[in-house]
Every structure is written in C-alpha cells, then in structure tokens.
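Numbering (our numbering), first residue to last: 2 to 725. Where a beta carbon is used, it is the ideal one built from N, C-alpha and C, also for glycine. Here the structure is a predicted model, which means the values were calculated and not measured.
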C-alpha cells in the first residue's frame, strides 16, 4: 500500500457491485473514495461538495448522461483531473475521451498497480499544468505592465509634440481642410454609394455622406455675395463641412488660436444643444461676436446645423477694451486685429430673422429632397437585389434538385408532368429536366401495369389531399432494367389551399433490399448465438452456485457456512434471470411475476424446513427490463434469506408476503414477514451489516427509496421508477 496523503477521489460507476469492489481496493492504497452511480449525480456532487482531487469516470453510465458528456460538463466549470476507467478498448471510444481530457484512460481489470500508477501520473500532470498556468499568468501580467508603460510614454511624446505646434502649422492644416472640402465629384459619389446601400442605417452615417458639399458651398457663396452674411454647415459634433464669407477676425485669429478656437467650438456645441426643428437661436460667443443657428434634418434624424454669425447687432455697444485685452492675452498683433474688428458687420434683428427664415426654408427643401432621393435609391437597390436573390434562389433550387440522390418529379391533377430533376429525367431516357414538361406516363418506356399502379397512387394523393408514403414497388428504367424503389407522394396546394397536383420522390433501394435479406439472416444467426450464450452463462452460474453449496457443506464454522450460502443465493438470483431469458424471444424484458415467484421458491427450497413456510405472492402482471431485474433480484434474495434465517426462531407459523405493484411509471416492492421483528435498538442508518449495505446500494442503483418498519414482524418497502 502507498501513502497517497488521503487524496479524495470521486468514483463514477453505475454498477454498484463493481463500484464497491473498486472502492475497497483503492482505499487499501490510502485513497479517500466517494461513489456516485450516474452522470447527473456526479455533476450535483461536484457542484455542491468540498474539493475533489481526481475523478475516476466510467463511460457507460446507464440512462442519462454518459461518462464523456459528464466530464465535459464538469470540466467546463472546474479544473479537476479526470481519468476514464472503462472496459472499452475500441480506438474510436478511446479517441473520443482524448478530446475531453488528457489525464489518462485505464481499462478495467488491468489491476490496482496500473490504476494506482495512472492516478499518480494524472496528479503529476495536473500539478505541472497548474504551475505552467501560474507562470503564464505572471508573464501576461508583466507584458501588461510593459504595454502600459509604453502607452504612457507614447502619450507623453504626443503631448510634447502638440505643445510645439506653431502658428504656421495650424494655418497649413486649415488650408488643407479647405482643399479637402472641395474634393472631386467622383469622391463624393463614392460616399453616396455607401448611403444608397439598402443595408445602411441613416443613424450610422455622418452628414458629410448625405449632402453634396460642393453644390451647397456654391449656393451659400451666392447667398453670402448677396447678403454679406457668413454661413457654415456643421455636423452634430461641431465639425465644419461648409463655410463662406467668414470674417477675418474669426478666420485669421479666433479659429486658428488654440484657446479662442475652444470658445468657438463651445459656442457651436451650446447652440446645437438648444436647437429645435424649424427654429433658430442666437448666442454671443466668448470671443465677443454673435452667432445664429438652425438645425439640419435628414428625415427625422438631426444630422447637423446651419450657422450664420460673426456680426454685431445694430444696437450693440462695442467694448474695444475687451478686444484689446483679448489680443494681448492671446498674442494677437493688436493693430491688424482691431482693424479686423472694424470690418465686422452690423445687422438689425429683423434682417437676421428674414435671412434665417430663408436659410431654414432652403435647407428644409435640401433635406426633404436628399431624404426622398435616398429612400428612392434604397428602394430601387432593394428591388434590384430582390430580383437577383430570386434568380439566385431559382438557380440554387435547380442545383439542389439536380444534386440530390433521389428521383424527383411533379404532375398536375391530370397526370401531366410539370417538372422533375436531372436524375429522374435520365431514368426516363431524357437528356434535360425541362424535356419532362408536358409529358404523361404513357410517353415513357413503362408497362401498362406500372402506369396503372402509378396513376392509382397519384389519384389517391390528389383526391384525399394527403401523402402516400413508403410505397415499395418495382420500377423500370429507360435501359430496361427493373429496380426496387421506395416512393413517397405528396399533394401540392395552391395559395387558396386547393390541390393542383402531386410531388413524387423515389429512391433506388435495390441494394437495401439485398442488405435487408442479409441482415435478417445474420440476425437469426445472432439470435441463436445469443440463446446459446445465455444457456452457457446459466450453466456456468449454476456450476458456481453448486460449488459454493458444496463448499459450505465442508465447513464446520457456521458463520463461514452462512457467508458461502449467502453468496450462492445471490448467484442463484442472477442465474434465474438467464433461465427466464432462454424461455422468451425478447432478450431485454422478463415477466416480473414469473421471475420473482420462481426466485423466491428456489430460495425457500434450499432450507430444510421449507414446508413450514407460507409464501404469498401478489404481483402485478407486467414485464421489466433485465438491467432493473438484476439488482431487484439481489434485493429480494437478501430480504427472503434474512427473514428465513433470523425472523422465525422458535415460531410455528411462518409467513412471508411478497407484493410487487406497478402504477403508471412507479413500481413498489414490499416484502413482509410475521416474525419477531428487529431489535428495539436497531438503527438502519448505522447498521454495518453487509446485507443491509448491499440492499441500500442496490436501491440507490435503481434510483429508489428504501423504508423499513418493524412491529408485528418486519416489512421492507422499496419504491423506484419504472424504466423501459
């Protein structure tokens, strides 16, 4: 035995006896082993239990999750080494487990030495991976710190470059911006192509991609020439798209200085926040001049703003001291700056109101026109794409129809062909699928009997408006060969629900028919072989049972003798299952009543005083699968044996009642006797007797509930779900 520091192992095994044997061996090697019998219980245990060091996972776990599915669910949430412990040696099964975990695959019955070594190797591999993950995390953290330092350095460098930007550089960028606004019509058209895409959302495109900037610039330049008014078109972020007639004081000073330009942007944003559709508002910017704005909408989308400004109202008193201080504060050349101030025009309120009403009307027309054109272009583009999709769909339908391996055809209610796929056309001796159209069955090289049968099936489908499925028939091809075919025919309905024809699909099943005959012969051979196997298993079990009985006769110690006899009884319960299997053609189900009555009678007859027992059966008539029957038989064996050994000492009237009741999907087994009952201090939960432990574990395998009552005798009831 090895010192394994009491590593905690979860053993997932649906066969209780196998699980108990594996647990016993592993605990001799100082492992702390917990057993669960299905995948669902394993997931629940891992989610709600203390830390588990390793999972030993069987692959076949009965109904529900199998071992590979259970492992995937657990490993999605937890880092736990999983070693598969299975009897499968199929490379496909083993390969499937390797995709889930790489901690090992051990074949059952290879011995504890191999299993212990595999478990230890899994622990070593798991620890190495954990250390590797920790190192990777340390490296990633160091990389993040390095990247953060580099980013800080880049930000510092950018700030340094920004602080050294000179006046000439700003002026050069302004000139480049103006040139950019006058790009060619081809570039603008590329932008509009994006807008005309039907999949484009108006909310996702900025104003510059909706309007023709060059044409609007020309209109506003004419407006400025007539009125002397400054104009500008800005998007909702304050970006200037069009500008005309700007005053020197703004163009050469306010807009090119970093600090005063911030005041301009602040003014633009303030005005934008206070706009309503169809209105305009004025605002005196922090640089001392008036601006006026009206919104620009594309549909219901507020896309930008139309500005005029850089003026004084006629009643304004100009504070020259304010502008002189501003020139000094921002480093403007005072004399030319003040000369530029004198050029700023004055307007009365009514003039501004008339001019703004004109701009509102002008851009309302532009907005509605732009939006209408966009919608029209979208609809046109969508119609074009719809037609292309229809054409593409028709082409795809024809391609699919011609590549499927079945023959497909469809007719009208008069039996005239409306179409078919290429494979059907070839079987009918035609070159192209379209050659089918307009023909009838009589135009093809088929016998009158075939044609009559085809039309009968067609008429059934058309007259009853329901499918005719799985028609197995012989059909003749254009080359004269006859093949076996499976045909399905369906009614075709028009838009009003009326049948206008039928669709037929048939497949060549000649090879399937041949394979079916071969399969039936193989199945008969396998049935005979399985019957022989069951017979041999029954004989082998009987031999084991007999040897145990003979061995018990040679023992003087009564306790040892009882242990051997108990083992023989358990073998007997399994052996009787195989006896019943030999008497039925169904190798999965056995009549519950026949099995239980024969089992109980066989158990009772092993005792010398069997004639003194009254055995009463009350068993519902139903069949039960053998996977359930094995643990159920072992439970009944334990209960009957215990009653006969311990319940009736010095009693003349000895009665045992066995009740098996099925209701819906629930089954209850009740075994009761009229014996002396259990001791007053008996505690089922604390009992360490092997029989009680075995009954509880087998009940758990059935996913059932075990109850025991004592008084006038002892009654044991086990409730479990009926499982086909």
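Quiz item: Can you give, in chain order, each stretch of the beta strand (DSSP E) that sits fully within the stretch 14 to 79 and has at least 3 residues?
Solution: List check, beta strand (DSSP E) in window: 33 to 37, 55 to 58.
Self-check item: Sequence-distant residues of its chain with Cβ nearer than 7 Å to residue 171 (five each side left out)
Solution: With a pLDDT of 43 at residue 171, under the threshold of 50, the modelled position of this residue cannot be trusted; read the value that follows with caution. Cβ within range, chain order: 257.
Exercise. Leaving aside the five residues before and after residue 279 along the sequence, list all residues of the same chain whose C-beta is less than 7 Å from its C-beta, in chain order.
Key: Contacts found: 361.
Self-check item: Whole alpha helix (DSSP H) elements within the stretch 641 to 712, 4-residue minimum
Solution: Taken in chain order, the unbroken stretches of alpha helix (DSSP H) that lie wholly in the stretch 641 to 712 and span 4 residues or more are 691 to 702.
Quiz item: In whole angstroms, what separates the C-alpha of residue 42 from that of residue 107?
Solution: The straight-line gap from Cα to Cα measures roughly 22 Å.
Quiz item: To which residues does DSSP link residue 454 through a beta bridge?
Solution: Partner(s): none; residue 454 has no beta bridge.
Self-check item: C-alpha distance - residue 87 paired with residue 76, whole-angstrom precision
Solution: Looking at the two C-alpha atoms, the distance is approximately 19 Å.
Self-check item: Three-state secondary structure assigned by DSSP to residue 443
Solution: In the three-state DSSP reduction, residue 443 falls in the helix class (H, G or I).
Quiz item: How many Å lie between residue 331 and residue 224 at the Cα?
Solution: Between residue 331 and residue 224, the C-alpha separation is close to 33 Å.
Quiz item: Mapping DSSP to helix, strand and coil, what is residue 261?
Solution: Taken through DSSP and simplified to helix, strand or coil, residue 261 comes out as helix.
Practice problem: Just tell me which of 439, 433, 350, 462 has its CA closest to the CA of residue 499. | Solution: For the residues 439, 433, 350, 462, the minimum Cα distance to residue 499 belongs to 462.
Quiz item: So, helix, strand or coil for residue 95, using DSSP?
Solution: Helix at residue 95.
Practice problem: Please name the residue, chosen from 73, 299, 61, that lies closest to residue 89 on a Cα-to-Cα basis. | Solution: Residue 61 is the option with its Cα nearest to residue 89.
Self-check item: Euclidean distance between Cα positions of residue 9 and residue 119
Solution: Put simply, the backbone Cα of residue 9 is about 15 Å away from that of residue 119.
Quiz item: Between which two residues does the alpha helix (DSSP H) containing residue 426 stretch?
Solution: Per DSSP, residue 426 is one residue of the alpha helix (DSSP H) stretching across 423 to 428.
Quiz prompt | residue 7 (DSSP reduced to helix, strand or coil) | solution = Correct three-state label for residue 7: coil.
Exercise. Ignore the nearest five residues each way along the sequence and tell me which others in residue 53's own chain have a CB closer than 7 Å to its CB.
Key: Once the five neighbours on either side are set aside, the close Cβ partners of residue 53 are 9, 11, 47, 81.
Quiz item: Taking the beta strand (DSSP E) that residue 607 falls in, what are its first and last residues?
Solution: Note, residue 607: premise wrong, no beta strand (DSSP E); not H, not E.
Quiz prompt | residue 595 versus residue 639: straight-line alpha-carbon distance, rounded | solution = In a straight line, the C-alpha of residue 595 is about 19 Å away from that of residue 639.
Quiz prompt | Inter-residue spacing [alpha-carbon to alpha-carbon] between residue 246 and residue 381 | solution = Rounded to the nearest angstrom, the two C-alpha atoms are 39 Å apart.
Quiz prompt | Where the beta strand (DSSP E) containing residue 106 begins and where it ends | solution = Judged by DSSP secondary structure, residue 106 falls within the beta strand (DSSP E) whose first and last residues are 106 to 108.
Practice problem: Hey, could you find the ends of the beta strand (DSSP E) residue 303 is sitting in? | Solution: Unbroken beta strand (DSSP E) run through residue 303: 302 to 314.
Quiz item: Is the Cβ-Cβ distance between residue 444 and residue 477 less than 9 Å?
Solution: No, they are not a contact pair.
Quiz item: Helix, strand or coil for residue 111 per DSSP?
Solution: Looking at residue 111 - three-state DSSP - the assignment turns out to be coil, as it is neither helix nor strand.
Self-check item: Proximity of residue 788 and residue 569 at Cβ, strictly below 9 Å
Solution: This structure leaves residue 788 out entirely; the chain is present only between 2 and 725.
Quiz item: Helix, strand or coil: how does DSSP classify residue 717 here?
Solution: Looking at residue 717 - three-state DSSP - the assignment turns out to be strand.
Quiz item: With DSSP run on the structure shown, which of helix, strand or coil describes residue 240?
Solution: Annotated three-state conformation of residue 240 is coil, per DSSP.
Exercise. Please classify residue 166: is it buried, with 16 or more other beta-carbons within 10 angstroms of its beta-carbon, or exposed?
Key: Legend: pLDDT at residue 166 = 49, less than 50; position of this residue unreliable, no value from coordinates given.
Quiz prompt | Uninterrupted alpha helix (DSSP H) stretches inside the stretch 320 to 344 (no shorter than 4 residues) | solution = The qualifying runs are 321 to 331, 335 to 343.
Exercise. Would you mind giving the Cβ-Cβ distance between residue 68 and residue 40, rounded to the nearest angstrom? I have them listed as a contact below 8 Å.
Key: With a beta-carbon spacing of about 7 Å, residue 68 and residue 40 fall inside the 8 Å limit used to define contacts.
Practice problem: Could you spell out where the alpha helix (DSSP H) holding residue 217 opens and where it closes? | Solution: Bounds of the alpha helix (DSSP H) holding residue 217 are 214 to 228.
Self-check item: the ligand FMN heavy atom lying under 8 Å from the CB of residue 423
Solution: The ligand FMN is not part of the structure shown, which contains no ligands of any sort.
Quiz item: Does DSSP classify residue 142 as helix, strand or coil?
Solution: Reduced to three states, the DSSP call for residue 142 is helix.
Exercise. On the DSSP bridge assignment, give the partners of residue 1 in chain order.
Key: No information on residue 1 is available, as it lies outside the stretch 2 to 725 that the chain covers here.
Quiz prompt | Sequence-distant residues of the same chain with beta carbon closer than 6 Å to residue 266, five excluded per side | solution = Closer than 6 Å at Cβ, skipping near neighbours: 239.
Self-check item: Residues bridged to residue 1 [DSSP beta-bridge criterion]
Solution: For residue 1 there is no data in the structure shown, the boundaries of the chain being 2 and 725.
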